[in-house]
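J.:
Numbering (the working numbering), first residue to last: 56 to 139.
This is the structure in structure tokens:
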């Protein structure tokens with residue numbers, strides 16, 4: 056290792072544990088603390104955005120299913136109330 060405690064790689068930069076540092080939001084690799092992005096590489100940023108879009112779709116589907124379930128339950132309760 057160099058005397059500054061940092062080792063460079065084409066894609067990533069490792070920082071010693073005790074130096075001030077941040078971690079990539081996707082892969083968890085340590086980066087310099089003053090990094091402008093929350094990601095260590097464009098690949099990790101793309102993975103994050105892809106995951107975020109999938110999560111939004113899943114959340115919408117879940118919301119629609121829950122609303123539909125509530126409507127069905129209310130209809131069943133109303134039907135059973137008026138039939139008795």
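Yeah, the Cβ is synthetic: ideal placement off N, Cα and C, and Gly gets one too.
If you draw a straight line from the C-alpha of residue 77 to the C-alpha of residue 107, how long is it?
T.: Rounded to the nearest angstrom, the two C-alpha atoms are 21 Å apart.
J.: On the three-state DSSP scale, how would you describe residue 131?
T.: In the structure shown, residue 131 sits in a helix (DSSP, three-state: H, G or I).
J.: The beta strand (DSSP E) spanning residue 87 covers which residue range?
T.: Note, residue 87: beta strand (DSSP E), 85-87.
J.: From the DSSP secondary-structure annotation, give me the bridge partner or partners of residue 78.
T.: The partner list for residue 78 (beta bridge, DSSP) reads 85.
J.: Identify whether residue 101 lies in helix, strand or coil by the three-state DSSP scheme.
T.: Reduced to three states, the DSSP call for residue 101 is helix.
J.: Out of curiosity, what's the CA-to-CA distance linking residue 98 and residue 73?
T.: Each residue's alpha carbon lies about 27 Å from the other.
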